Every structure is written in C-alpha cells, then in structure tokens.
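Using this note's numbering, the first residue of the sequence shown is number 140, and each one after it goes up by one.
Quick reminder that beta carbons are idealized off the backbone N, C-alpha and C, glycines included.
None of the values given here were measured: they were computed from a predicted structure.
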Amino acid sequence: MQLISNYTVSENITTIVEELPRLWQHVTDTEIHGYSGPLYIGYDGVRLPYYDMFMWRDRQVRHVATIRPRDRTFCQIYANCYEVIKYDDAVMLDELPPYYDVCGYDSKLCSDSHVFIIAGIVFSVLLIPLGIAFYLQRKEHLIQQMPWRVPFEALSFNDGNDSTSTRRVSMSSSIARQSYASIFMANIVEHAFVNKQKVSVKRYIQRRAINFTRQEMELLNQLKYMNHTNINPFCGICFNQGSEMLLMWQFTTRHSLEDLIFIKEQKFGRNFQSTFIKHILHGVHFIHNSSIKVHGALYLSNCVVDSYWVVKITDFGTRSILSEKIHHKELVPMMPFDSEAIHYKYLQQAPEHLQNLLEKNEEPIGTVEGDIYQLAMLIYQVLFYMRPFAERPQTIREIAEIIINPNSTAQHPRVPEESSFTMRLLSIMQQCWLYKPQARPALLKISDAVNREFGQDAKGTLIDQMIEMIDEYSANLEQIVAERTRELEQDMSKTENLLYQLLPKSIADSIRDGRTVHPEQHSSVTLLVVDICQFTKFCEAFIPVHILETLQELYSSFDFIVQKNKAFKVENVGDAYLICSGIPEMKDIRHLREISKIALKFQNFMKTFKVRHRPDHPLLVKQGITSGAVAAGVLGSTAPRFCLFGDTVNMACRMASTSVPGKIQISELTANTLMDRFPNFELEERGMVDVKGKGSCLTFWLNGEKEKDKRLTSRNSTISQIKFEGDSSNLLRV
C-alpha cells in the first residue's frame, strides 16, 4: 500500500491494464521501510530479505556482518544482488585460500615425496661414501696416532711435580708392594706419576723392539677410551724406550679388596658386601658386553677400590697381547711363572684353565665361563672373609693337582655351615663351580640372586646408603681400633713384665718413663751366687743342644722361685747364677731373709732335679751368700744391662766357689747378722776357709729354717714338679 500510495496515474490512461508496465517499474527495485524493518522488492518482483550475522565469542554476541539487497545499478550484471557489509575481522569466503581439486583445501592431497626420494638417492650416492671414507680415515689416523702410548719423559717415579725425576724403583720395594699386583704373569706393581696423575705400573723386561699389529693397536685404543663406573681406566703403555715395558692403570687410594679384606683384615657389614658384589657384577657385565669379551684374571687383587668405596675392575684386555709378546720372546715377566711354586690365587682359576696352566706352564687368556667360575670365588671371599681351600692341609700344588684330576670328586671351597645367607645365593654360587663350563649359570642369573639376597638392604636414596655404609665402616674402624688397643696393651704388659725380669722395678719404671738412670750406691744388699759343680765335665758329657735344654729347665725353675720372693736375678753366665735383694732398699735387712729363703728352696729343689737326657747323671750346685754395699747402674743404651760392682760381688762369688756341692756357704758378718736378726734360720760354723784376696775367713753353713717360725707355707715337697707350659713372658731364656 505504501508503494501504491506514492504512485500517480498518468492522465491519458483510461484503463488499469494500460498502466501496468509503468506500475511494475515503480514497484520493483524499490526499498521500503515497513513495520518489521526494511523491505526490498527485486527486479523480478520478489521480495529480497535483509540478513544480519552474529558470532558468540568471549561470552558475548558480536555483530560481524550485514547482508542487504541492492538495485540493478549496483549489481551491474545481475538483476538482483546483495551487498555484504563486514565488521571487525570478518572474512569473506572468496577471500579464503582457493580450493584445488587435486591437492585439496590445505594442499595436503599433493605429495612431494618424489623430490625427497631423488634427494635421498643423491645424498646416498654422494655423501654417505664420503662420510664413511672420512670416518675410516679419521679412525685409522687415531689408531696410528696411538693415544695410549706414554712417553718415558712424562713418567715420574718420585712425585707428581718433577717430570724429570724418572728414577727406577728398587726391586725390593717393588716386591714389598706386590699384594696390589695382578697375579697374571706374577709381574711387579709399583706407583708412578704420568702428567701429575698417579698410576699403577706393571713392569716387563723388554728383550727387543716391540711392534704392535693394527688389530692390537685397535684393541688398545678401545681400552684407552673405555669408560664405566666400575671399570678402572687404562692409562697407557710405555715401550721401546729402554729395557722395560711399562703397563699403566689409574691408581686408586684404597688399593684392592685383597688389601682391605685379608691384609688389613677389615670386617664389612651387609651393605658393604652388597655394594662390593654388585659393583663387581656391573664391571664384569660391561666387559662381557664390550669388544673385550673376557677378563681372565678375576682376583680380589684386581678389584680396586677408590676413595668413594666404588669397586673398579682392573688389569683386563691386555692378556692376549702380552701372551703373544711373551711367546715371541719380546717380553719377559719380572717374575716368571713357576709351576712347582704356584701362587694360591691360581686355585681360583677354572679347572679347565688350571689344567692348562700346570701342564703347559702357560697363563690362561680366559673365557666367559672361566670368568663365571672366578666370579663365584670373589663372592665367596667377600661373603665369608675366607680364602678358597685355606682349610686344606695340602700344599697349593697338591690341591691344584687334586682339582684337575678327572678321577677325583669335584673340589669346591668349603661353605661355613652357620651362614646367614639364603640358600638361593649359596646355590647359585656353587653352580658357578661346576666342572662343565656350559652348565655354569649366566651372569644375569647371578645378578638376580644377588639382588634378591641384598635387595631389602638397599633402602632410601643413594646418599642414605652412602651415609649408612660410612657409619658401618666407622663402627668397624672403632672395633678394629679397640682390638688393636687391647693387643697393644697386652704387648705392653708383656714388655713390662720382661723389662721387670731384666731390671729392678724402680729402674725399669725410670727407663719406661724416659728418665735417665744414674748409678747409685746401695749400702746394704744381699747377694746369692749359685755355681754348678764340675760344669766342664758336664759339658763334655752332653751335646750342646742338651746342655742348653738342661740349663733352660734349671734356670727357668730358679727364675720361678725368685719371682715368688722379693729378689731380682741380675744375670746368669754359663754355670753362674747371681741374684740380689735390697734394691731398692728394704727395712730391717729383710733382703737377707729373702735371699736365705731362696737359697734353701734352691737346695731342696736340686735334691729332686733330674737331667732329662741322663737321669742317672747327678747335677749338684754350690751356693754362696754375703751382704754388703754395692754400686748399681745400667750400662748401654740400645741394649741396657743392669750391673753390680763392688767388693761384695767378689765376696759372693768366692763364697760360692769355696763351698761344697749341695751346701750353702755364708760369710761371717752376714751369718752374725742373720743369727741376730732372724734366729729362726739354722746356721753351722764351718771354720776357717782360705778366700782368694781375703786370706783366711770364718764361714758358716746355712742348713735350714725352723718349721714353727716359717711365715709362708713351704713348697719344698712340690717344687720339683713345677711345670712351665709356654708362658714365655715369665721365662728368661739363656
């Protein structure tokens, strides 16, 4: 109605039909605004709608485009068309990438593989051969360069700072350190420095110039660059620079398990045992899976330990090279193998290798099965701290012959009955000792048994395990220190007892405390000299060994008696036995009573003493006692001897020499003092005796002691039965 209301009819038109063309033109291509919005009538009289496009983004409705119809003047070609009015970042379809029927909208249907195939073929034909040639050339250059060769000028046997001090270490010092040596070739190991790095050196005598084959140099190259936590690095070889070839491995501060377990005798707990065994297994597994394939000498001495308690396997990979050079007389071991005096460690070789070693005197290069056999020997020693076959009474050679004898039963190390380890681990260890190499278990099976045995022990992080291991080692060190302290105290006690037997207690204490011992004058002491009668004839009647045995038994009995009284044996020279009492000083001349008691005990003892080798031969002694002043002192510094000087010593010797067999002669002054102060002793006047240097002197016999006045129980009836059963601390051997 809105369109018609704006239309004006022409004046000349009489009918509506005549007005239709003009009316149609007025209605079409016209935009009107109605109640519901704009309305457009197209060229063909069809209503064309308006469109608005919206998009939901960020939780909001956004107006992105409006589509409105336009008249023919805007459309140009088409009668009806639309105009799109865009807002913001709206994009029309015709502005999108074109669609191709062959490759698709994103061109993924088209493949460029033929381009890459052609490029790959060109690369393969040209670059790969060039790369292989470069690699082989570089490898050959590296082999010929010999990075494992150590110049002699880089070696220092003195310290790590002076590279020119290349002195040779003496053979004796090398042998003293042989516990760290590999048993293979029994060569000598010492320590040196290579460019300030400490290494372990093994020496071989070089007879002529050595030429390594390309295969040998390639093997040495692999050893040089071989790297693993449980493998000791190979440092190199020094050869053709003198009369020796030197083989070098990295030095480890804690030496080897051989040193720790058997030389230092350290006891380790389960944590250490587990760690040691697992480290060895890891090292052997690495060697078996490398180009080396086999070790051949798995001994505790070849399992070295660094400062972090990591076990590293050493002395591997060079066995075949050394064997070849020794076979061609280019090298000679420092200590050649002797089949008649083999080392105990060769008992850890597999029977098939041990037989070859004994029959052909050739060192085994080794096999994987032989390594399994030796690995069980290592586990045995780490678990039980015992050497294999150590309990056998036979010699090492005899044990080796029993092991390789096909007619004998299988010989295995003895497993302790009281063992805290499971049967799984013990069984797998014994399976490794089977004589058939093919029947021995694989390395993975051994590792599984070890992990099952010690799996529960490894709890916490690695740091926790290291701390626990260190605590365990510290506790073990404390125990070792306590044991060594106790042994030291026992040795010091024995030394003190021996010192007290050689010297008076006061003088021995002064020497022990480091004080100077000055000569002293003692105004009153009593001396006893015991002289064996007819000692010259006695020596003629016996051989020297029997003489020494008889004197040892006699003087040991005398020493035992002296120790039970307050007296001191000064010395015994040949047939003379001198004892003294009164040093240090005693009150009331008690030293005279002590010596008198000792003399009477000697007298009673000799009544029952029999010479072991000739019981019918009587042995008699003469005794002399005197009292007086003496000068006492210690002579010598490195071998101190306590000596007495003075006229009293000479008088005591004269009293013994002028006495009669079986009697105790005492000087006049001493006898008077004894009768006055100790009347319980029985004395008898002998009369005048001609004493050399003194003239005629009155002497007395000491016959005994009255029974009722004795203060101590007599041992006269049993003194002859005194036995000395090996307490060497109480005996002074002549």
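In this structure, how does DSSP classify residue i when only helix, strand and coil are distinguished?
i    : result
A315 : For A315, the pLDDT reaches just 32, beneath the cut-off of 50, and the residue's location in the model is therefore unreliable, although a value from the coordinates is still provided. DSSP places A315 in helix when its eight states are reduced to three.
L159 : helix
R854 : Model confidence at R854 stands at a pLDDT of 41, short of 50, so the residue's coordinates are unreliable; what they give is reported in the following sentence. Coil.
E628 : helix
T747 : helix
K703 : coil
S395 : strand
R654 : coil
Y483 : helix
H330 : strand
R753 : coil
G375 : strand
V185 : coil
G408 : coil
D301 : Its pLDDT being 41, under 50, D301 is placed unreliably in this model, and the value from its coordinates should be taken loosely. Of the three classes helix, strand and coil, the one that applies to D301 here is coil, per DSSP.
V709 : strand
I370 : strand
I722 : coil
How would you write the range of the beta strand (DSSP E) that residue i sits in, first residue to last?
i    : result
D670 : E659 to I671
Y221 : C220 to K225
R201 : Q199 to R209
V338 : Q336 to Q345
E592 : Careful: E592 lies outside any beta strand (DSSP E), inside the alpha helix (DSSP H) at L582 to F593.
H172 : T169 to G173
Q389 : E383 to Q389
P177 : G176 to I180
A348 : It is not in any beta strand (DSSP E) - A348 carries neither H nor E in the DSSP assignment.
A229 : No beta strand (DSSP E) holds A229; DSSP gives it neither H nor E.
How should residue i be labelled, buried or exposed, when 16 other C-beta atoms within 10 angstroms of its C-beta is the threshold for buried?
i    : result
W287 : buried
S856 : Low per-residue confidence applies at S856: pLDDT is 33, beneath 50, and the placement is therefore not dependable enough to give any value.
Q276 : exposed
A810 : buried
V589 : buried
E821 : exposed
Q804 : buried
S313 : Note on S313: pLDDT 36, under 50, position unreliable in the model; the coordinate value appears next. Answer is buried; the Cβ neighbour count reaches 16.
K746 : exposed
Y223 : The sequence given here places Val at residue 223; Tyr does not occur at that position. Flag for V223 reads exposed.
H911 : Residue 911 lies beyond the residue range present for the chain, which begins at 140 and ends at 873; the question has no answer from this structure.
F738 : The residue asked about is misnamed: residue 738 is Ala in this sequence, not Phe. Burial call: buried.
M194 : exposed
L269 : exposed
A515 : buried
E469 : buried
Following the continuous alpha helix (DSSP H) through residue i, name the residue where it begins and the one where it ends.
i    : result
L759 : Premise fails: L759 is in no alpha helix (DSSP H) and is neither H nor E.
M473 : Element bounds for M473: n/a, residue is neither H nor E.
A680 : F674 to A680
S649 : K644 to R651
G270 : S252 to Q284
F193 : Per DSSP, F193 belongs to no alpha helix (DSSP H); it is in the beta strand (DSSP E), Y190 to R196.
Q361 : R353 to K363
P490 : P490 to K499
Less than 8 angstroms between CB atoms is the rule here; does residue i satisfy it with respect to chain C?
i    : result
S440 : Protein chains in the displayed structure number just one, and chain C is not present.
On a CA-only basis, which of the options is nearest residue i? Give me that one, please.
i    : options                   : result
Y639 : L616, A229 and V709       : V709
V449 : S462, L470, L420 and M473 : L420
Q762 : H424, A791, F193 and H427 : A791
S429 : I609, N334 and H367       : H367
E508 : W572, L522 and N334       : W572
K484 : I452, R458 and Y438       : Y438
E823 : K831, L837, L294 and A515 : L837
R651 : L667, T665 and S632       : S632
V200 : I206, M192 and R207       : M192
I609 : F291, E383, F407 and V338 : F407
R458 : L493, I504 and E692       : I504
M794 : V669, L813, R591 and S295 : V669
N500 : A539, K225 and F476       : F476
P490 : S547, Q691 and P532       : S547
Taking 7 angstroms as the cut-off, is the beta-carbon of residue i closer than that to any non-hydrogen atom of the ligand ATP?
i    : result
I400 : The ligand ATP is not part of this structure, which contains no ligands at all.
Start-end ranges of the alpha helix (DSSP H) lying completely within the stretch 511-578, minimum 4 residues: DSSP runs (the alpha helix (DSSP H)) wholly in the stretch 511-578: 535-543 and 562-570.
Sequence ranges, alpha helix (DSSP H) only - wholly within the stretch 765-848, length at least 4: Taking 4 residues as the minimum length, the alpha helix (DSSP H) runs contained wholly in the stretch 765-848 are 786-796 and 807-816, in order along the chain.
Start-end ranges of the beta strand (DSSP E) lying completely within the stretch 410-471, minimum 3 residues: Within the stretch 410-471, the complete beta strand (DSSP E) runs of at least 3 residues are 442-444 and 450-452.
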